[in-house]
Each structure stands twice: as C-alpha cells, then as structure tokens.
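So the protein lines, in turn, are chains P and R. All residue numbers for the first sequence refer to this note's numbering, where the first residue is 107 and numbers rise by one. All residue numbers for the second sequence refer to this note's numbering, where the first residue is 203 and numbers rise by one. Below you'll find the structure, written out as structure tokens, and then a few comments.
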Amino acid sequence: MIGTAEAVTRAKVLDRLRLGDAAFRQVTRAAAFGVLVLLSAVIISLIGGSIPVIRTFGFGFLVSESWNPVTDKYGALPAIYGTVITSFIAMLIAVPVGLLIAFFLTELCPQWLRRPIGIAIELLAGIPSIIYGIWGLFVLAPFLQVTLQPFLIDTLGNVPGIGLLFAGPPYGIGMLTAGLILAIMVLPFITSISRDVFEAVPIVLKEAAYGVGCTTWEVVRNVVLPYARVGVIGGIMLGLGRALGETMAVTFVIGNAHRIATSLLAPGTTISATIANEFTEAVGDLYTSALITLGLILFVITFIVLAAARYLLMRIERRIG
Amino acid sequence: MPETVLVSRYSARRRRNIIATGVALAATALGLGWLVLILGSLLWQGFSGLSLAVFTEMTPPPGSAGGLLNPIVGSLMLTIIAVAIGTPIGILAGTYMAEYGRYDRLTSVVRFINDILLSAPSIVIGLFIYEVMVAPMGHFSGWAGGVALAVLVIPVVVRTTEDMLTLVPNALREAATSIGLPRSLSIMHICYRAARAGMVTGVLLAVARITGETAPLLFTSLNNQFWSTNLNAPIASLPVIIFQFALSPYKDWQSLAWTGALIITLTVLTLSITARALASERKS
Numbered sequence: 107m108i109g110t111a112e113a114v115t116r117a118k119v120l121d122r123l124r125l126g127d128a129a130f131r132q133v134t135r136a137a138a139f140g141v142l143v144l145l146s147a148v149i150i151s152l153i154g155g156s157i158p159v160i161r162t163f164g165f166g167f168l169v170s171e172s173w174n175p176v177t178d179k180y181g182a183l184p185a186i187y188g189t190v191i192t193s194f195i196a197m198l199i200a201v202p203v204g205l206l207i208a209f210f211l212t213e214l215c216p217q218w219l220r221r222p223i224g225i226a227i228e229l230l231a232g233i234p235s236i237i238y239g240i241w242g243l244f245v246l247a248p249f250l251q252v253t254l255q256p257f258l259i260d261t262l263g264n265v266p267g268i269g270l271l272f273a274g275p276p277y278g279i280g281m282l283t284a285g286l287i288l289a290i291m292v293l294p295f296i297t298s299i300s301r302d303v304f305e306a307v308p309i310v311l312k313e314a315a316y317g318v319g320c321t322t323w324e325v326v327r328n329v330v331l332p333y334a335r336v337g338v339i340g341g342i343m344l345g346l347g348r349a350l351g352e353t354m355a356v357t358f359v360i361g362n363a364h365r366i367a368t369s370l371l372a373p374g375t376t377i378s379a380t381i382a383n384e385f386t387e388a389v390g391d392l393y394t395s396a397l398i399t400l401g402l403i404l405f406v407i408t409f410i411v412l413a414a415a416r417y418l419l420m421r422i423e424r425r426i427g
Numbered sequence: 203m204p205e206t207v208l209v210s211r212y213s214a215r216r217r218r219n220i221i222a223t224g225v226a227l228a229a230t231a232l233g234l235g236w237l238v239l240i241l242g243s244l245l246w247q248g249f250s251g252l253s254l255a256v257f258t259e260m261t262p263p264p265g266s267a268g269g270l271l272n273p274i275v276g277s278l279m280l281t282i283i284a285v286a287i288g289t290p291i292g293i294l295a296g297t298y299m300a301e302y303g304r305y306d307r308l309t310s311v312v313r314f315i316n317d318i319l320l321s322a323p324s325i326v327i328g329l330f331i332y333e334v335m336v337a338p339m340g341h342f343s344g345w346a347g348g349v350a351l352a353v354l355v356i357p358v359v360v361r362t363t364e365d366m367l368t369l370v371p372n373a374l375r376e377a378a379t380s381i382g383l384p385r386s387l388s389i390m391h392i393c394y395r396a397a398r399a400g401m402v403t404g405v406l407l408a409v410a411r412i413t414g415e416t417a418p419l420l421f422t423s424l425n426n427q428f429w430s431t432n433l434n435a436p437i438a439s440l441p442v443i444i445f446q447f448a449l450s451p452y453k454d455w456q457s458l459a460w461t462g463a464l465i466i467t468l469t470v471l472t473l474s475i476t477a478r479a480l481a482s483e484r485k486s
C-alpha cells in the first residue's frame, strides 16, 4: 500500500517528467523547423533586398550588359556569363580527371595504397578556398602567363573560329585561370563521390564481366560506368554547385572586369567575385540592391543544381539500400 | 574467322586497355601532383614568414614588420560564437530527425533542405546576414560575423548528429524505456553518450569548415587593422586579412598573407585528422 502523501509526490514527479519529456520533444521539433525557417529566411531576405532592382530594371537586369555605378545602370549578364564559363571550364577538366582517378582507385590501385590516397583526397577537399585563391594569384597565374597562355595564343589562337577564344595578350589572370583553379578545387569532390559509387557496383557484375574475358577498361566502360551513371551525375552536379558558388578562389584570379569577352584569356567576373569585390564599397541603395539581386540569381541557380544532385544521389542510395 | 584477325582484334583490345590504364595513372599523378604543388608552395612561402612575432604582434601598416595577433584572436572569437550558437541548434534538430521523427515527412524535407544548405554558396549567407543584422543595426559587427558562421555550422552538425544517432542500436533505447526512463532522459543519457564520439567529430568538422571561410565575413564582421575585441564593432579575422594583404602591392603584407594561409591550412588539417581519428576509433 502506498500512503496518500507518497502517492501525491509520485504523481508530481511523474507529471514533471512527462512535462519535461514533452518540452524536449517540442524543442527538438522547433530546431528541425528552424532549418526550414533558415532557408526560407535566406530566400525572403534576398528577394526583399532585390526589390529596388526589380522595380527599376525588371527582367532587363538579367540580359543587360552594362555595369556602371556612376550612372546607376546595372546588368547581370557579364557576371552570369563569367560564372557559367568558368564553371564549364572547371567541369571540362575535373570530370574526366576525377573519373579516371576513381577508376584508378577502384580497379588498378594496389590495396595498401587505396586508403592513403583516399584520405589525402578527402583532406584536400577540406582545404579552404582562400588557399587555392592565394596560390592561384601568386603561383599559377604568373606561371600560366609565361607558359600555357602564350602557347595557346600561338597555336589555337591562329585557328579560325576557336581562335577567338584564345586571342589577346596573356594577362595571367582571367577566365581560363579561374576555371583551372576551380577545376583543382572541385576535383576532390568529384573523385571521392565517383569512387564511392564505383565501389557500390556489385562485385558479381564485375566478376561476370571479367569471367567472359573483358579487359579492365572494358569492365569499367561497359559495366561499372553504366551501373554507376546516376550517382556519377549526382556527384558531378554537386561539384558543379560548388564551382558555381565558389567565391574566394575565383575572386583572386578573375580580374573583375564587367564585360563579356570572347577570349577565355581576358579578365572577366563572376557573380560571387562581383559581390565579394564590390559589396563593401557599394554606395547607394540601387548599387547594393543590384549586388543582392546577383546573390539571389546565384542562389537560385545553385539551388536548382544542388537539388537535382541530391535527388539523383538519393535515388542511388535507395537502390543500394 | 581467320586466326590472324582474332589475334589482331585481341591485341587491339589489349592496346586500348593499356592506353586507358596509362591515362588513368597519369590522371591520378596529375591530380595528386597538383595538390602536392599547392601544399608545397604553401609550406615554402608560409614557413619563411613564420616567426614568434606572427603570434605576438598586431598587423603592421604597409612597409613595416608585424604579426597576425589581432586577426588570430578575432577568428577565435568568431569561431567560438559560431559554435556556441550553431551546435545546440544543430544537435537538437538532428535529435528530432533521428529520435522522434525518423520516418516523418518533416524529417525528409529537413534532410533535403539541410543538404542544400550544406553546399549553398557561403557568400549568399553573408548577404543574408547583412540584410537581417548589419543593415538594421547600422554597422558591421563581430556578432554578425559569428552568426554568419553559425549558419554554416548548423547543417554540418545536423547531418552528423542525425547519422550518428541513427547508428545507436535500438536495444539501448528499449532497455532504457523498459526500466521506465522517459524518452528525453534516455536520449540525453543513453543515446548521446553512445554517439558522443561521432557528434564531437561533427563539431570538429564544422569548425574546420568555418576556419577558412572568407566570403561570409567580408561584409558582416568586415575587418580591423587594430586590436579590438569589441563584438559590436568590426573585428579582424584571419581569412579576411589574408584576402586584403594578398591583394595588396606590399611585399610584407603578401608574406604575412602566406603565413596566415599556412596557419589556416594547418589548423584545418589538424582538425580534420583529429575528427577522422575519433571516427575510426568508434568503428573499431
């Protein structure tokens, strides 16, 4: 038999525990909601900041080429162009190289070397972008100025058509250099994701292919790649998302010129480099708003790319189980 | 088919295989070589400027010697704010996703959004904090910088907390419930303890992530050439000082920028190696 007094304290304690339990649950739920609120707040604040520009220029902002703080005329086209071109160059280099490294790591590399190389690549993915930027500015750009760029101008520069892409003096800095730096930066991401999805290919599939006499390359080309296709594309999109939004590595070497030059050797700008270079110096509401609108455009582009990447990677995760 | 055709076809396939293998080897060498080159020049340039003065003196005016004391302290303060704000929110959100709503609609939406925040361009986060903190307050401040970094900490911590709690065996939870422990207490005293190493790894990774972040600080905490620990005023930080000094025409400043870059890289590498060691300790 429990005494009445004891029963009352017992009920009190139980009530307190029940209350604490419910409170903790609600607090964690609120935190989870907080993540959603955070993303919505980012979008709303960016849209709010770009209202002056939308009111003044409308959709013309997206296609206008002028960028003149003195006359308060702004257009996003050169920055969008630079962002797309530098990321494209980066992908053109990083995707094949990354896939080949993944091929090496999963099929050719001796077992004892796999872990060290894998760890090295993952550690390098964590190096901050400003390090790549400072290296690009002081080491890569001067090097390209006296080697690769004069070479490109003398050879491809004379070919009709594509020659336009390699015209003009070698500045060292410019869109090509920015693209190269980006390629080095996203290489670890693409490599490590492709390696993971290559490794997820069922061994029996590969063994069957080897069993009928395929060479290593044929196994990778005809069995591994088709099987891992979705995951590889997801990894590439993830790398692309990084490249599009990358700021510091690009800002150092792009040259910050608001124009669309056909030559890849010419200085240009990207969305993120423009914001990084000009935001603190922007005077006037319209100038600030133009930069925030650029941020909004960047966010929308990367959101779409990253969402697609996550969707594809989620699909492959589900298949692996 | 005549045997010569078969043999030549076979040797063509072998040739193709050898070429592909060679190209893959070359790509690996190229990729790793590039990265070795970067680290090499970083060590070379950074160590030549490294001295005790770097840790004891303030940033100099152009043309004279000095150190990086104020940006180092500033970076530490910003990191502490970011971790202090970001970690609890991240852990709580991760807890909901793994413990209460593992199969919820909300959880899968949050997971998707969180993954996007994880790789969203950090400069956009800087713009966001500028809009919601710097503009209303009317001035740049250390607090704004810290909060901007906290926004980057949250997704990393959410992700690792969720992953680590999911790994905790259900038998532990059932045992806790069977002796009458309320859910919240069993999470705090049983699950958190079981997943501790992994959760610490997550925080370390988050710190590594924000250590070199420059873009979100450019227009939140701005920069400061002088000693200041006032969080209501602009404050110096290592990445922003590196950005400013590297792009300056002065040799002393450029050399300090390299040294700062070396300090950041070594910090990041130490953090991520520690995190890895912790994670693998768990596994074994």
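Yeah, the Cβ is synthetic: ideal placement off N, Cα and C, and Gly gets one too.
- Under the DSSP assignment, PHE304/P falls in the alpha helix (DSSP H) whose first and last residues are 281-305.
- In this structure, the CA atom of PHE342/R is about 52 Å from the CA atom of GLN217/P.
- For VAL256/R, same chain residues with a beta-carbon under 6 Å away, outside a window of 5 residues either side, are GLY269, LEU270 and THR461 in chain order.
- Sixteen is the threshold: since fewer than 16 other Cβ atoms of the shown chains lie within 10 Å of the Cβ of ARG216/R, the residue is exposed.
- In this chain, the alpha helix (DSSP H) harbouring TRP241/P covers 235-241.
- Per DSSP, reduced to three states, the secondary structure at TRP173/P is strand.
- Put simply, the backbone Cα of PRO418/R is about 7 Å away from that of VAL326/R.
- In this structure PRO184/P is not in contact with ILE360/P, their Cβ atoms being roughly 11 Å apart against a cut-off of 8 Å.
- The three-state reading of DSSP puts TYR316/P in helix, counting H, G and I together.
- Considering only beta carbons, the part of the stretch 203-233 of chain R lying closer than 7 Å to chain P consists of ARG215, ARG216, ARG218, ASN219, ALA222, THR223, VAL225, ALA226, LEU227, ALA229, THR230, LEU232 and GLY233, in chain order.
- A distance below 6 Å between beta-carbons, with the five flanking residues on each side excluded, links TYR333/P to the following residues of its chain, in chain order: VAL307.
- Just so you know, the alpha carbons of LEU198/P and CYS215/P end up roughly 24 Å apart.
- Distance between PHE385/P and PHE421/R, taken at the CA atoms: about 7 Å.
- CA-CA distance, PRO273/R to SER439/R, rounds to 4 Å.
- Listed along chain P are ALA138, each with a C-beta nearer than 7 Å to that of LEU308/R.
- Taking CB atoms only, THR162/P has no neighbour in chain R less than 8 Å away.
- Taking a beta-carbon distance threshold of 8 Å, VAL245/P counts as an interface residue toward chain R.
- In this chain, PHE244/P is not harboured by any alpha helix (DSSP H), its DSSP state being neither H nor E.
- The beta-carbon separation of MET291/P and GLU352/P, rounded to 6 Å, stays under the 8 Å limit for a contact.
- In the structure shown, TYR180/P adopts extended strand secondary structure according to DSSP, grouped into three states.
- In this structure, GLY344/R lies near ILE437/R, with their beta-carbon atoms less than 8 Å apart.
- The straight-line gap separating the alpha-carbon atoms of GLY317/P and THR212/P is approximately 18 Å.
- Contact between ALA231/P and PRO294/P holds, since their C-beta atoms are separated by about 4 Å, short of 8 Å.
- Chain-order list of chain R residues neighbouring TYR333/P: empty, with the shortest C-beta distance near 18 Å, by a criterion of under 7 Å.
- With contacts defined as CB atoms closer than 8 Å, ILE283/R and GLY348/R qualify as a contacting pair.
- DSSP places ASP306/R in the coil class of the three-state scheme, outside both helix and strand.
- The stretch 388-396 of chain P makes contact with the stretch 159-167 of chain P: 3 or more CB pairs, one atom from each, lie closer than 8 Å.
- The Cβ-Cβ distance between ILE356/R and GLY400/R does not fall below 8 Å.
- Just measuring C-alpha positions, the residue of LEU288/P, PHE244/P and ALA314/P sitting nearest PRO451/R is PHE244/P.
- Considering only ALA208/P, GLY319/P and LEU400/P, the residue with the shortest C-alpha distance to ILE296/P is ALA208/P.
- For ASP260/P, the closest Cβ of chain R is not nearer than 8 Å.
- If the five residues before and after LEU319/R are omitted, its C-beta is found closer than 7 Å to the C-beta atoms of PRO357, all from its own chain and listed in chain order.
- Contact check between the stretch 452-459 of chain R and the stretch 377-386 of chain R: fewer than three CB pairs, one atom from each, fall below 8 Å, which does not count as touching.
- By the rule that beta-carbons nearer than 8 Å mark a contact, ILE274/R does not touch chain P.
- Using a Cβ-Cβ cut-off of 8 Å, ALA459/R is close to ILE240 of chain P, given in chain order.
- Listed in chain order, the alpha helix (DSSP H) runs fully inside the stretch 369-400 of chain R are 372-380 and 385-388, counting runs of at least 4 residues.
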